[in-house]
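Numbering (my numbering), first residue to last: 126 to 287.
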């Protein structure tokens with residue numbers, strides 16, 4: 126079934142191993158978002174952005190500047206395939222499906238067990254938004270509006286005390 130809705134689920138990633146294959150701008154943005162939830166991130170790519178290399182040097186993520194191997198997924202809970210190599214992304218997808226690992230292929234919404242949401246956070250509240258891979262511009266606008274609401278609520282914290 127195409128365009129099926131995905132159930133929004135909030136998961137504790139603090140002790141989960143996440144593997145990101147790819148070292149470009151999209152991988153960098155995803156890693157920066159994931160760092161809000163876990164430090165168990167390994168990025169594997171022959172080349173990486175300066176930001177990813179700095180995160181590795183600072184000990185915030187593990188980096189492997191080499192091609193990915195099947196064994197890199199042995200302990201993975203979740204894999205993000207964020208390369209510009211369609212064949213490699215397909216191979217990553219197939220391995221993850223065989224091994225029962227959650228996978229997201231950034232370039233192909235049909236090869237995603239989960240969508241990577243736009244994240245809004247403020248004062249312990251977390252909201253995730255996705256347009257099911259259909260309209261990224263619309264999802265971005267919704268994320269911005271939700272963030273504005275969270276910011277406004279934070280200004281009036283006394284209204285929400287229990």
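In this text, a Cβ means the ideal position worked out from N, Cα and C, and glycines have one as well.
DSSP-derived helix/strand/coil call for residue i
i: residue 259; result: coil
i: residue 190; result: coil
i: residue 206; result: strand
Contact check, residue i vs residue j, beta carbons under 9 Å
i: residue 129; j: residue 232; result: no
i: residue 94; j: residue 226; result: Because the chain is modelled from 126 through 287, residue 94 falls outside the range shown and cannot be assessed.
i: residue 175; j: residue 152; result: no
i: residue 138; j: residue 167; result: no
i: residue 269; j: residue 248; result: no
i: residue 217; j: residue 156; result: no
Cβ distance (whole Å) where residue i is taken to contact residue j below 8 Å
i: residue 177; j: residue 148; result: 6 Å
i: residue 185; j: residue 161; result: So it is not a contact: roughly 11 Å between Cβ atoms.
**Request:** Would you mind listing the alpha helix (DSSP H) stretches within the segment 146-175 that are 4+ residues and don't spill past its ends, in chain order?
**Result:** 150-159
**Asked** Hey, is the segment 203-222 in contact with the segment 182-189, meaning 3+ C-beta pairs nearer than 8 Å?
**Response** no
**Prompt:** Mind pulling the beta strand (DSSP E) runs of 3 or more residues that sit fully within the segment 217-273?
**Reply:** 227-230, 243-247 and 250-254
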